[in-house]
Every structure is written in C-alpha cells, then in structure tokens.
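All remarks here apply to the structure that follows.
There are 2 protein chains.
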Amino acid sequence: MSVEMVQWLDDSESLGVRERRFDLHRGERRVPGVLWTPRGAAGTRPLVILGHGASGNKHQDYVLSTARRLVRHYGFAAAAIDGPVHGDRRHSGPADSRAVFLHFAQVWSSDEQMTDEMVADYVATLDALQSLDSIGAGGVGWWGLSMGTILGLPFVAAEPRVRAAVLGLMGVAGPTRARIEADAHKIACPVLFLVQWDDELFARDAAFELFDALGSKDKRLHAAPGTHGALPEEAFEESERFLAKCLGPGPWT
Amino acid sequence: MSVEMVQWLDDSESLGVRERRFDLHRGERRVPGVLWTPRGAAGTRPLVILGHGASGNKHQDYVLSTARRLVRHYGFAAAAIDGPVHGDRRHSGPADSRAVFLHFAQVWSSDEQMTDEMVADYVATLDALQSLDSIGAGGVGWWGLSMGTILGLPFVAAEPRVRAAVLGLMGVAGPTRARIEADAHKIACPVLFLVQWDDELFARDAAFELFDALGSKDKRLHAAPGTHGALPEEAFEESERFLAKCLGPGPWT
Chain A
20 MSVEMVQWLD DSESLGVRER RFDLHRGERR VPGVLWTPRG AAGTRPLVIL
70 GHGASGNKHQ DYVLSTARRL VRHYGFAAAA IDGPVHGDRR HSGPADSRAV
120 FLHFAQVWSS DEQMTDEMVA DYVATLDALQ SLDSIGAGGV GWWGLSMGTI
170 LGLPFVAAEP RVRAAVLGLM GVAGPTRARI EADAHKIACP VLFLVQWDDE
220 LFARDAAFEL FDALGSKDKR LHAAPGTHGA LPEEAFEESE RFLAKCLGPG
270 PWT
Chain B
20 MSVEMVQWLD DSESLGVRER RFDLHRGERR VPGVLWTPRG AAGTRPLVIL
70 GHGASGNKHQ DYVLSTARRL VRHYGFAAAA IDGPVHGDRR HSGPADSRAV
120 FLHFAQVWSS DEQMTDEMVA DYVATLDALQ SLDSIGAGGV GWWGLSMGTI
170 LGLPFVAAEP RVRAAVLGLM GVAGPTRARI EADAHKIACP VLFLVQWDDE
220 LFARDAAFEL FDALGSKDKR LHAAPGTHGA LPEEAFEESE RFLAKCLGPG
270 PWT
C-alpha cells in the first residue's frame, strides 16, 4: 500500500489540532478516514488508531475527543476509519442508529469476509499514514471498544506494529466468537481491557473469558458499574494514560 | 478518645518524610502505630490510614513505601497500626510469617470481638491523629487489601469521616463473611477495588460478589493477572492517584 492511494479531502485546524479527512483506495474499496496531528507536526511520533462502536462513525464525539486529547496532551497522531455499513461507507438504507446497528449485526452474521476486509483496511491505513513524514515508523496503539474490539482485536492480533491496545465492552460472543477467541490468544502487546459491570449487550462472564484468552502477559481489566453505553469519563482518562505510558509520553514535535 | 492517650515513642526523618512511632492506649488495650507526615507540616491535610496484610505489620515494605509516596507526592499524612496478633501486638508465639498467618486465621474464626475491637482501634487512632495541628479534620482515606480489607472494610462502613477507600484481594468469604457483606452495603464513599485474577486465597467470584455488594455508586474494579501476593506496581500507582483525586491533591503545607 502506498501513500499515492490516499486522497486528501480537506484540511482544518482547531486549538492546535490539525484534522484531515481522507479516502484511502484499496483496490475497488474506498476506506473513508480522518487523521489528527499536532499543528506543525514534523518527524516521527506514535499513532493511535481508534475504532468506533456500532451505529457510530469515525468522527463521533468520543472518537473525536479521545483523538484530540492524544494529540494535545502527548503530541501523538490519531486516526479513525468508518466501520462496515457505517459513516461514509453507508451508501443506502436508513441512517437511524438502530437501523445501522441492526444492519451491522446482519453483516457480522452473514459476511465471513467482513473481519478480514476490515483488518486489511486497517493495515493499509497504517501503511499509508506511517509513510507521512509527520508520523513515520513510531509506536502504534489501538483503541476500540465493542464493535471497535470485534474488528480491532483481529487487527491487533495480525499487526506486529501495534504495541498497546485498549479493548473491551465485548466478550467471547457473537457470530465471530471463535475467531475473536483465537485471535485473542495471538495478542502479545500490553492491553487495557474495559468492562461495564452491568453490560446488557455482552455478558460479564463472556467479557472475562475474553480477558482470560488474551495472550498478553501485561494486561489489566478495569470495570465500572453501568450499562454498555455508560462508560465513565475515568475510562477515557485511563485509556489515554495507558497509551501514553506504553507508547512513550514524548515530547513529540 | 483524646490525644493524651497517645504516647510518642520516637521521631525520625528521611527524605522529607517525618516518621513517628506511637502507642495509643485505649482502655487496657495498647495500639502500636506509626505516623508519617511531611517535614515541617503545619495545618490541616488529608490522612490516609493503611491496613497491612496477614503476616505483615505496620511498617512492612509496601505499607512504608505507599505511606511515604502519599506524603512526598501529595503532602498527605499517613498512618498504620498493627493488626491483631501482628507486629508489636505479638507478645508470644513464633514470629515466622506462616505461623502468624495461621494464628490470625484462628483468631478470625474464634474471636467474635476481633473486628469490633479493630474498628474501635482505628476510630481511636483517627480521633487522636486528627487532634494534631498538622493533620486536623481533613479528608480521610483508607488503603488496605486482604486482611486490610477484612478489618478495614468494617471500619470504612462505620466511619463517616472516610471519604475514599482502596479495598480488595478479598471476597465475600471466611468466618466473617456475613459481617463483611452487610458492611459492604453500608459503604457510600468512592472505592477502588483491586483483584488479582489468579488469587489462590480468595476466589475471583467471591471478590466479584464483594465488589457487587459495595453500596458506593462511585466504584471501580481493577484486575491484573497473578496470584494473591503478586500485586503489580501499577496497582500502587493507581491507589495513590485514586486517593489523591478523591481527597484533593493539595498542595498541603
């Protein structure tokens, strides 16, 4: 994958954070993404790729705020791409969040290539972004919960450049449970695994099973009361601190 | 309880931390303790009371290092007292750690007053130390795992001055399990609950049951791989950060 296949769509800046939307073309496949870097960034720095949850998109509130904090607090780069049938990949059908959620559940159940295609999208995105002078071959982190773990855990397992991963709000569950469990065993990098104690979508025991399955020796599980969608602010702070500790707090200029 | 019942035994200083051993006399009962404060401390500050684990004592490595870090990093005061049949309360019998452990297990099973007496010791210690000008009526924190939760959780439940507690390495288990569970329901302050994923002394499920039983709305569970005694350094860092956030990071002078 070469940088020539990236088409930059816009370029803006807010409070020291530069934001650029792009389309990455991988064969016939268009991968819509967004990149955040510090204003005036030059030289190698860690890159964190963020995977959004089902019914969200690459630019939803918590993806944007987490990305911006990683850029502003640590000088990291951050990037996100839309998931399958989400965001700018959504060409038809209702955009209502429940409809998107249901659509994803259907694709998850029926499309055996979905995971592999998303892993390939992430690898291509990483290749393209690391070819930029302002990113280079720095450490790579992953942050993705729920659907961001369904799709991100296989990416982390497949990609040796990933040196730290925040995963969770998911268990050994769902149509791809065997794949998820097998991939979990392959993961060796440090992991922060987040659990919501009263998760109504993925049972606590299934989440514990997934934490158990992670091959990483350096892993920790943080749980807080509340439902699937009620992740506390503290979990974001811990995510940020964990990634910074693993990837190096900088300063990156 | 008045300060006149405290007998100060010594007074030393190392790297900015003043350390004073004391005996608190509560009726016929002698409570051996140690207090750490910043050098030259004057005025109100938070106080964290630390409970050691079975076979340890008030001055063992992790109690001392945690206390010193709270003093040096945040300007807090910290204190610890020996548990029943531990440290300077140990008048007879072998001092070998396994023998002390077994002795505690026997007392835990047979002495129905043990918990109440230790709670009274902690309340008296808190009264005495808060009467000092260099501590005063600041926020109070608890840190105690394993035996430090067996004895400390009832103290936290009984003492409204405690505003934050680090508990864990324990479950709804053992001779006082009913008391522990009932007291857990009464706790309302923020709690950080630590679990070792492969704890061979207290089953993971029993630990989860205790976390569930905590009445606090603001609680979080942090788990790491490893056995009962293999608490990672990160757990101490998180304890410190949690207590500082809840009690106020200062500066306390």
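Chains A and B, in that order, are what the protein sequence lines are. Anchor point for the first sequence: position 34 equals 53 in my numbering, and the numbering is continuous, going up by one each time. Anchor point for the second sequence: position 216 equals 235 in my numbering, and the numbering is continuous, going up by one each time. Think of the CB as a built atom: it goes at the ideal place given N, C-alpha and C, for glycine as much as any other residue.
In angstroms with no decimal places, state the Cα-to-Cα distance between leucine 164 (chain B) and histidine 71 (chain B).
Residue numbering aside, residue 164 (chain B) sits at position 145 when the second sequence is read from its first letter. Residue numbering aside, residue 71 (chain B) sits at position 52 when the second sequence is read from its first letter. Cα to Cα, leucine 164 (chain B) sits roughly 7 Å from histidine 71 (chain B).
Since aspartate 202 (chain A) and proline 179 (chain A) are thought to touch, with beta carbons under 8 Å apart, how far apart are those beta carbons, to the nearest angstrom?
Taking the first sequence and counting its residues from 1, one reaches residue 202 (chain A) at position 183. Taking the first sequence and counting its residues from 1, one reaches residue 179 (chain A) at position 160. With a Cβ gap of about 13 Å, aspartate 202 (chain A) and proline 179 (chain A) do not count as contacting.
Contacts that lysine 77 (chain B) makes with chain A (C-beta to C-beta distance below 7 Å)
Within the second sequence, the letter at position 58 stands for residue 77 (chain B). Near lysine 77 (chain B) there are no residues of chain A at all, since even the closest Cβ is about 29 Å away, more than 7 Å.
Can you list, in chain order, the residues of its chain whose CB lies under 7 Å from that of glycine 106 (chain A), leaving out five sequence neighbours each side?
Along the first sequence, one-based indexing puts residue 106 (chain A) at 87. Cβ neighbours of glycine 106 (chain A) beyond the five flanking positions: Pro51, Asn76 and Lys77.
Rounded to a whole number of angstroms, what is the C-alpha to C-alpha distance between aspartate 231 (chain B) and glycine 245 (chain A)?
Residue mapping note: residue 231 (chain B) aligns to position 212 of the second sequence, counting from 1. Residue mapping note: residue 245 (chain A) aligns to position 226 of the first sequence, counting from 1. Spanning the two alpha carbons is a distance of roughly 12 Å.
Threonine 168 (chain B) and glycine 193 (chain B) look like a contact to me (Cβ under 8 Å); what is the Cβ gap, rounded to whole Å?
As a first step, residue 168 (chain B) must be located in the second sequence, where it is residue number 149. As a first step, residue 193 (chain B) must be located in the second sequence, where it is residue number 174. Threonine 168 (chain B) to glycine 193 (chain B), Cβ: 11 Å. No contact.
Through-space distance from alanine 147 (chain A) to leucine 66 (chain A), alpha-carbon basis:
Your numbering for residue 66 (chain A) matches position 47 in the first sequence. Your numbering for residue 147 (chain A) matches position 128 in the first sequence. Taking the straight line from one Cα to the other gives about 12 Å.
Quick check: the stretch 109 to 122 of chain B against the stretch 136 to 145 of chain B, are there 3 or more CB pairs under 8 Å?
no
Assuming isoleucine 199 (chain B) is part of the alpha helix (DSSP H), what are its boundary residues?
Locating residue 199 (chain B) in the second sequence gives position 180, where the first residue counts as 1. From DSSP, the alpha helix (DSSP H) with isoleucine 199 (chain B) extends over 196 to 205.
With 16 other Cβ atoms within 10 Å as the buried cut-off, status of serine 31 (chain A)
For the purposes of this step, residue 31 (chain A) is taken as residue 12 along the first sequence, with counting starting at 1. Exposed: under 16 other Cβ atoms inside 10 Å.
Going by the CB atoms, is the gap between histidine 241 (chain B) and histidine 241 (chain A) shorter than 7 Å?
For the purposes of this step, residue 241 (chain A) is identified with residue 222 of the first sequence, where counting begins at 1. For the purposes of this step, residue 241 (chain B) is identified with residue 222 of the second sequence, where counting begins at 1. It is a contact, given that the beta carbons lie within the stated cut-off.
Counting only Cβ-Cβ distances shorter than 8 Å, please list the residues of the stretch 44 to 61 of chain A near chain B, keeping chain order.
none
Let me confirm a value: valine 22 (chain B) is counted as buried when at least 16 other C-beta atoms fall within 10 Å, else exposed. Which label applies?
Mapped onto the second sequence, residue 22 (chain B) falls at position 3. Caution is warranted here: a pLDDT of 45 is assigned to valine 22 (chain B), below 50, making its placement in the model unreliable, and no coordinate value can be reported.
Please tell me whether arginine 39 (chain A) has its Cβ less than 7 Å away from any Cβ of chain B.
Residue 39 (chain A) sits at position 20 when you count from the first residue of the first sequence. By this cut-off, arginine 39 (chain A) is not an interface position.
Beta carbons nearer than 8 Å to chain B: which residues of the stretch 232 to 247 of chain A have them?
Lys236, Lys238, Arg239, Leu240, His241, Ala242, Ala243 and Pro244
Alanine 183 (chain B) and glycine 160 (chain B) - do their beta-carbons sit closer together than 7 Å?
In the second sequence, counting from the first residue as 1, residue 160 (chain B) sits at position 141. In the second sequence, counting from the first residue as 1, residue 183 (chain B) sits at position 164. In this structure, alanine 183 (chain B) lies closer than 7 Å to glycine 160 (chain B) by Cβ.
List, from N- to C-terminal side, the beta strand (DSSP E) runs of 3 residues or more that fit wholly inside the stretch 138 to 177 of chain B.
159 to 163
Quick one: complete alpha helix (DSSP H) runs, 4+ long, within the stretch 237 to 267 of chain A?
252 to 266
Rounded to whole angstroms, what's the CA-CA distance from glycine 248 (chain A) to tryptophan 271 (chain B)? Just pull it up for me.
By one-based count along the first sequence, residue 248 (chain A) stands at place 229. By one-based count along the second sequence, residue 271 (chain B) stands at place 252. Roughly 38 Å between the two C-alpha positions.
At 8 Å on the CB atoms, spell out the chain A contacts of glutamate 228 (chain B), in chain order.
Taking the second sequence and counting its residues from 1, one reaches residue 228 (chain B) at position 209. Near glutamate 228 (chain B) there are no residues of chain A at all, since even the closest Cβ is about 12 Å away, more than 8 Å.
Can you name the start and end residues of the beta strand (DSSP E) that arginine 48 (chain B) belongs to?
Counting from one through the second sequence, the residue named residue 48 (chain B) turns up at place 29. That run of the beta strand (DSSP E) goes 48 to 57.
May I ask you to list the residues that DSSP assigns as paired with arginine 40 (chain B)?
If you number the second sequence from 1, residue 40 (chain B) lands on position 21. Answer is B:Val53, bridged to arginine 40 (chain B).
Which residues in chain B sit within 7 Å of glutamate 219 (chain A), going by Cβ to Cβ distance?
Taking the first residue of the first sequence as position 1, residue 219 (chain A) is located at position 200. Those do not exist, as glutamate 219 (chain A) stays about 16 Å from chain B at its closest Cβ, beyond 7 Å.
The stretch 26 to 41 of chain B in contact with the stretch 123 to 139 of chain B per 3-pair CB rule at 8 Å:
no
On the three-state DSSP scale, how would you describe leucine 83 (chain B)?
Working through the second sequence from its first residue, we reach residue 83 (chain B) at position 64. Note: leucine 83 (chain B) maps to helix in three-state DSSP.
In chain order, what residues of the stretch 252 to 268 of chain B put their CB closer than 8 Å to some CB of chain A?
Glu253
Could you give the DSSP three-state label for phenylalanine 212 (chain A): helix, strand or coil?
Mapped onto the first sequence, residue 212 (chain A) falls at position 193. Note: phenylalanine 212 (chain A) maps to strand in three-state DSSP.
Pull up the distance between the alpha-carbon of lysine 16 (chain B) and that of arginine 45 (chain A), whole angstroms please.
Shown here, chain B extends from 20 to 272; a query on residue 16 (chain B) therefore has no answer.
Sequence-distant residues of its chain with Cβ nearer than 6 Å to arginine 87 (chain B) (five each side left out)
Walking along the second sequence from the start, residue 87 (chain B) turns up at place 68. Taken in chain order, the residues that qualify are Val36.
Own chain residues within Cβ distance below 6 Å of proline 103 (chain A), not counting five before or after:
Sequence index remark: in the first sequence, residue 103 (chain A) carries index 84 (1-based). Correct list, in chain order: Val126 and Met133.
Hey, quick one: how far does the beta strand (DSSP E) through valine 271 (chain A) stretch, first residue to last?
Along the first sequence, read from residue 1 onward, the residue named residue 271 (chain A) stands at position 252. One point to set straight first is that residue 271 (chain A) is tryptophan, not valine, in the sequence displayed. It is not in any beta strand (DSSP E) - tryptophan 271 (chain A) carries neither H nor E in the DSSP assignment.
Under 7 Å between C-beta atoms of arginine 239 (chain A) and alanine 243 (chain B):
Taking the first residue of the first sequence as position 1, residue 239 (chain A) is located at position 220. Taking the first residue of the second sequence as position 1, residue 243 (chain B) is located at position 224. Contact flag set, yes.
Determine which residues share a DSSP beta bridge with valine 67 (chain B) and list them.
Position 48 of the second sequence holds residue 67 (chain B). Valine 67 (chain B) is bridged to B:Ala97 and B:Gly160.
Is DSSP giving valine 181 (chain B) helix, strand or coil here?
Here the question's residue 181 (chain B) lines up with position 162 in the second sequence. If DSSP states are grouped into helix, strand and coil, valine 181 (chain B) belongs with the strands.
Could you give the residue range of the beta strand (DSSP E) that holds serine 31 (chain B)?
Numbered from its first residue, the second sequence carries residue 31 (chain B) at position 12. Where serine 31 (chain B) is concerned, the enclosing beta strand (DSSP E) stretches over 31 to 33.
Own chain residues within Cβ distance below 6 Å of alanine 263 (chain B), not counting five before or after
The residue you call residue 263 (chain B) lines up with position 244 of the second sequence. Counting only Cβ-Cβ distances below 6 Å, and skipping sequence neighbours, we find Tyr93.
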